[in-house]
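As structure tokens, the structure follows; a few thoughts come after it.
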Amino acid sequence: MPTRPTSLTHWGGFTADVRAGDIAAVAPLAGDADPSPLLGNLPGSIRHRSRIAHPAVRRGWLRDGPGPTTLRGADEFVAVGWEELTELLAGELRRVVDTHGNEAIYGGSYGWASAGRFHHAQSQVHRFLKLLGGYTFSRHSYSLGATGVIMPRVVGTHDDLFKRSTDWEVMVAHTDLMVCFGGVALKNTAINHGGTTAHPARDALRRMRERGAQIVSFSPLRDDLEGECEWHAPVPGTDVAIMLALAYVLATENLADREFLHRYCTGYDRFERYLLGADDATPKTPKWASAICGLPAAELTALARRMAAARTMVTVSWSLQRIRHGEQAPWMGLTLAAMLGQIGLPGGGFGHGYGSMNEPGLPPLRCGLPKLPQGLNAVRTFIPVAAVSDMLLHPGAEFDYNGLRLTYPDIKLVYWAGGNPFHHHQDIGRLRRALGRPETVVVHEPYWTAMARHADIVIPSTNAFERDDYSGSRNDPMLMAMPKLAEPYAQSRDDYTTFAALADRLGFGEQFTERRTARQWLAHLYDKWSAQLDFDVPSFEEFWRVGRLRLPTDDGLTLLADFRADPRAHRLGTPSGLIEIFSTDIDSFGYADCAGHPRWYEPTEWLGGDRARRYPLHLLANQPASRLHGQLDGGATSQAAKVAGREAIRMHPDDAAIRGLAGGDVARVFNDRGSCLAGVVVDDRLRPQVVQLPTGAWYDPADPADPESMCVHGNPNVLTEDVGTSSLAQGCTGAHVLVEVEKYRGTPPPVRAHEPPVLHPRADAQ
Numbered sequence: 001m002p003t004r005p006t007s008l009t010h011w012g013g014f015t016a017d018v019r020a021g022d023i024a025a026v027a028p029l030a031g032d033a034d035p036s037p038l039l040g041n042l043p044g045s046i047r048h049r050s051r052i053a054h055p056a057v058r059r060g061w062l063r064d065g066p067g068p069t070t071l072r073g074a075d076e077f078v079a080v081g082w083e084e085l086t087e088l089l090a091g092e093l094r095r096v097v098d099t100h101g102n103e104a105i106y107g108g109s110y111g112w113a114s115a116g117r118f119h120h121a122q123s124q125v126h127r128f129l130k131l132l133g134g135y136t137f138s139r140h141s142y143s144l145g146a147t148g149v150i151m152p153r154v155v156g157t158h159d160d161l162f163k164r165s166t167d168w169e170v171m172v173a174h175t176d177l178m179v180c181f182g183g184v185a186l187k188n189t190a191i192n193h194g195g196t197t198a199h200p201a202r203d204a205l206r207r208m209r210e211r212g213a214q215i216v217s218f219s220p221l222r223d224d225l226e227g228e229c230e231w232h233a234p235v236p237g238t239d240v241a242i243m244l245a246l247a248y249v250l251a252t253e254n255l256a257d258r259e260f261l262h263r264y265c266t267g268y269d270r271f272e273r274y275l276l277g278a279d280d281a282t283p284k285t286p287k288w289a290s291a292i293c294g295l296p297a298a299e300l301t302a303l304a305r306r307m308a309a310a311r312t313m314v315t316v317s318w319s320l321q322r323i324r325h326g327e328q329a330p331w332m333g334l335t336l337a338a339m340l341g342q343i344g345l346p347g348g349g350f351g352h353g354y355g356s357m358n359e360p361g362l363p364p365l366r367c368g369l370p371k372l373p374q375g376l377n378a379v380r381t382f383i384p385v386a387a388v389s390d391m392l393l394h395p396g397a398e399f400d401y402n403g404l405r406l407t408y409p410d411i412k413l414v415y416w417a418g419g420n421p422f423h424h425h426q427d428i429g430r431l432r433r434a435l436g437r438p439e440t441v442v443v444h445e446p447y448w449t450a451m452a453r454h455a456d457i458v459i460p461s462t463n464a465f466e467r468d469d470y471s472g473s474r475n476d477p478m479l480m481a482m483p484k485l486a487e488p489y490a491q492s493r494d495d496y497t498t499f500a501a502l503a504d505r506l507g508f509g510e511q512f513t514e515r516r517t518a519r520q521w522l523a524h525l526y527d528k529w530s531a532q533l534d535f536d537v538p539s540f541e542e543f544w545r546v547g548r549l550r551l552p553t554d555d556g557l558t559l560l561a562d563f564r565a566d567p568r569a570h571r572l573g574t575p576s577g578l579i580e581i582f583s584t585d586i587d588s589f590g591y592a593d594c595a596g597h598p599r600w601y602e603p604t605e606w607l608g609g610d611r612a613r614r615y616p617l618h619l620l621a622n623q624p625a626s627r628l629h630g631q632l633d634g635g636a637t638s639q640a641a642k643v644a645g646r647e648a649i650r651m652h653p654d655d656a657a658i659r660g661l662a663g664g665d666v667a668r669v670f671n672d673r674g675s676c677l678a679g680v681v682v683d684d685r686l687r688p689q690v691v692q693l694p695t696g697a698w699y700d701p702a703d704p705a706d707p708e709s710m711c712v713h714g715n716p717n718v719l720t721e722d723v724g725t726s727s728l729a730q731g732c733t734g735a736h737v738l739v740e741v742e743k744y745r746g747t748p749p750p751v752r753a754h755e756p757p758v759l760h761p762r763a764d765a766q
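Under the UniProt record's numbering, the sequence shown has 61 at position 61, and the numbering climbs by one with no breaks.
Rendered as structure tokens:
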């Protein structure tokens with residue numbers, strides 16, 4: 001008989017129709033104003049053909065032992081039993097620690113594997129590795145690498161820009177003009193870290209328009225802001241130049257709020273010298289910006305005047321900081337908002353990330369959430385998360401980061417649980433070469449992703465629907481039970497069980513488990529959390545029976561309203577306690593690629609540079625509308641968005657015609673780093689000379705043994721440059737890349753990304 005339990009994903013809650021051990025159909029939770037179409041990827045996901053059925057070890061690792069190799073990604077796998085796998089892995093961890101020290105282990109895990117609070121892969125692996133004695137870790141994220149460093153420097157916080165951002169309801173009531181750099185892409189508002197039960201952004205924008213608010217979008221893509229808006233399509237990567245031109249008008253036409261700048265900011269005078277060209281003889285006029293961004297100077301001048309005359313919200317999407325010098329866009333957006341003097345006023349000021357995730361604009365919880373304790377990491381060595389290839393390829397090399405001079409460790413073992421870097425990381429060919437250098441690569445995965453195929457030891461993990469858990473987000477009012485929907489596929493195990501067995505072999509089993517089963521942990525964490533609350537909640541068993549618990553939220557927030565009301569009592573976490581338009585600290589670092597105030601730097605990958613003569617199309621590698629990152633790429637919604645079985649590349653009609661391309665064709669997308677195949681969609685809703693190929697298609701090389709091989713499925717990270725945003729943040733720059741596109745001649749190679757490798761029996765290990 002089918003069952004109809006409820007559960008939660010990163011992109012929404014649902015009721016499931018479960019049949020024969022799999023999800024047969026789903027329906028969104030009642031009350032969700034704008035449920036995500038990504039729910040359509042869930043049916044069939046538990047027993048999908050790409051699931052990892054058995055523990056597996058790469059044949060060469062079994063035969064030759066640990067060591068660097070060029071075979072990862074191309075070698076065969078041997079099926080082993082859980083007992084043997086546990087012995088092999090425990091022995092290898094002990095060998096690496098005893099021989100090289102804990103610094104030689106990189107815990108390279110990412111946080112999107114599950115929305116659950118307990119079975120969160122990143123939390124589980126980090127707790128395990130800390131009890132092992134520590135590990136080299138990463139800081140920040142691919143999504144927010146530049147923001148995570150620059151915003152604490154200039155406004156004293158990072159998280160508050162998202163979890164305590166101005167409420168959508170405040171903007172509905174008060175905002176007259178919303179100027180969106182990078183748009184407000186509603187496809188991204190499907191997602192939240194710990195799951196989400198409501199999607200209010202679309203309705204909020206509708207009600208803003210009905211009240212008479214005007215919405216302006218600066219983006220090469222028209223659908224980065226759906227519905228009625230004033231669309232400006234600049235040359236990609238030139239948003240900082242546009243903001244500087246707007247600021248120039250405010251400064252020279254006496255429209256800047258100098259009282260606000262004096263009371264709440266520091267360093268504006270230093271910035272204004274740059275803005276007016278006092279030091280470089282280049283005033284940042286609308287005419288100057290027009291030559292860079294391709295927009296009429298008169299339009300920029302008129303917009304600046306409108307911004308000064310209205311209650312204006314300036315927003316910057318996350319995508320604008322995933323480019324060389326990515327620190328500058330959010331910093332300059334904040335500076336522009338400060339010049340308007342509306343920061344801290346209802347409906348005005350600054351926002352970062354509206355349309356980047358379903359968190360900015362949602363009221364935060366008034367309480368924390370149950371959380372698995374992580375303990376302390378005895379190893380202090382870290383890297384910026386997007387520097388993993390540099391670390392593996394260049395042990396002992398020095399690099400700059402946020403005022404520090406650091407050294408890459410010599411990593412012997414990579415331990416990855418939760419996440420697929422072949423979606424996140426730039427220049428896949430370089431990443432593959434980097435992954436050949438460690439002595440052992442361990443991967444926990446439910447599916448045969450590219451990362452699993454590049455492992456030596458593959459641990460089949462359950463997915464989020466094969467175990468009990470609960471989930472909640474810091475900007476969602478619902479704590480939701482996630483009861484197991486089906487039995488684990490084949491021999492898969494939850495990560496907690498795997499780590500408990502390993503910890504037992506390594507001598508710290510009781511420290512890891514604290515003598516609790518996974519179910520006992522759920523109750524323990526809930527009870528510990530509820531005992532600290534200042535309001536009543538039901539017992540764990542009652543919560544589990546009902547399936548959800550509504551928590552109080554802090555509604556009606558305006559970002560930095562308390563700071564505006566009293567800047568002394570609510571000083572910011574910057575050295576001055578104020579908004580730092582000029583940062584003395586950053587200036588003291590002496591970085592050539594990040595000055596002490598926001599400024600325009602010419603990107604390396606943009607249509608205004610010499611490189612565009614060879615590769616005349618600017619590719620935007622943005623987030624997909626059909627899945628979360630690369631998750632469930634084999635699902636129905638993701639597959640329906642493919643063209644000729646490959647990821648779709650969107651092209652302007654003029655660019656397609658020049659190249660003899662039509663909708664439905666298979667095209668080769670290439671530059672000097674690599675190439676991929678993609679299915680063509682012709683669309684006039686993007687700027688000419690701009691193409692869009694979303695990330696997340698599972699990497700599928702035509703020749704698995706060749707790191708430079710063409711990806712036949714359409715992963716744009718075979719094309720992107722593996723270089724940091726600047727010496728300050730070293731963030732990810734993978735959103736922008738120059739390419740050429742041509743029609744693929746002949747029969748395209750088949751897509752095999754979702755076909756599992758053949759597992760050889762243990763007796764065939766030699």
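Beta carbons are placed, not taken as given, at the ideal position from N, Cα and C, and that holds for glycine.
The beta carbon of F128 is closer than 8 angstroms to those of F499, L502, A503, F512 in its chain, skipping five residues each way along the sequence. A Cβ-Cβ contact shorter than 9 angstroms links V80 with V57.
For K743, DSSP records a beta bridge to A667. Every unbroken stretch of the alpha helix (DSSP H) spanning 4 or more residues and falling wholly within the segment 71 to 134 is given here in chain order: 82 to 100, 121 to 132. Straight through space, the alpha carbons of L677 and D654 are spaced by roughly 20 angstroms. When the beta-carbon positions are compared, L336 and A289 stay at least 9 angstroms from each other. Residue pairing from DSSP places L549 in a beta bridge opposite L479.
If only complete runs of 4 or more residues are kept, the segment 220 to 307 shows the alpha helix (DSSP H) at 239 to 252, 258 to 264, 268 to 275, 286 to 293, in order along the chain. Boundaries of the beta strand (DSSP E) harbouring T6: 6 to 9, taken from the DSSP string.
Contact between the segment 376 to 387 and the segment 217 to 236 is absent: fewer than three C-beta pairs spanning the two stretches fall below 8 angstroms. By the criterion of a C-beta distance shorter than 7 angstroms, R366 is surrounded in its chain by P552, T553, D554, once the five residues flanking it on both sides are discounted. Residue pairing by DSSP puts F399 in a beta bridge opposite L406. Counting only runs of at least 4 residues, the segment 566 to 599 fully encloses the following alpha helix (DSSP H) elements, listed from N- to C-terminal order: 584 to 589. For L345, there is no enclosing beta strand (DSSP E), as DSSP marks it with neither H nor E.
When only Cα atoms are considered, W82 and P55 end up about 6 angstroms apart. Here R4 is actually not in contact with D22; their C-beta atoms are around 14 angstroms apart, not less than 8 angstroms. The beta carbon of V379 sits closer than 7 angstroms to the beta carbons of N102, E103, G134, Y135, T136 from its chain, once the five residues preceding and following it are set aside; these are given in chain order.
Under the three-state reduction of DSSP output, Q214 falls in the strand class.
Residue environment: I658 is assigned as exposed (fewer than 16 neighbouring CB atoms within 10 Å of its CB, all protein chains considered). Inclusion of T197 and L29 in the CB contact set at 9 angstroms is warranted, their separation being smaller than that value. Counting C-beta atoms within 10 angstroms of its own C-beta, F14 has 16 or more neighbours from the protein chains shown and is therefore classed as buried. In this structure, DSSP gives V155 a helical state, which the three-state scheme calls helix.
For W600, the CB contacts under 8 angstroms within the same chain, skipping 5 residues up- and downstream, are V240, A241, L244, K284, I292, Q328 in chain order. Judged by DSSP in its simplified three-state form, G12 adopts strand. In the three-state scheme derived from DSSP, where H, G and I count as helix and E and B as strand, P701 is classed as strand. The beta carbon of V172 sits closer than 6 angstroms to the beta carbons of A204, R207, M208 from its chain, once the five residues preceding and following it are set aside; these are given in chain order. Every beta strand (DSSP E) stretch that sits fully inside the segment 173 to 210 and reaches 3 residues is listed by chain position as 177 to 181. Beta bridge pairing from DSSP links W416 with V443. A direct Cα-Cα distance of roughly 53 angstroms separates D587 from W544. Of the residues assessed, Q631 falls on the buried side of the cut-off, its CB having 16 or more other CB atoms within 10 angstroms. The C-alpha of C265 lies about 16 angstroms from the C-alpha of P330. If the five residues before and after R519 are omitted, its C-beta is found closer than 7 angstroms to the C-beta atoms of D468, all from its own chain and listed in chain order.
Annotation: V723 is outside any alpha helix (DSSP H) and is labelled neither H nor E by DSSP. With respect to H736, R222 sits apart: the two C-beta atoms are not nearer than 9 angstroms.
A contact between stretches requires three or more CB pairs, one per stretch, nearer than 8 angstroms, and the segment 405 to 422 meets this requirement with the segment 436 to 446. The beta carbon of R270 sits closer than 8 angstroms to those of I581, F582, G596, H597, all from its chain and outside the five residues before and after it, given in chain order.
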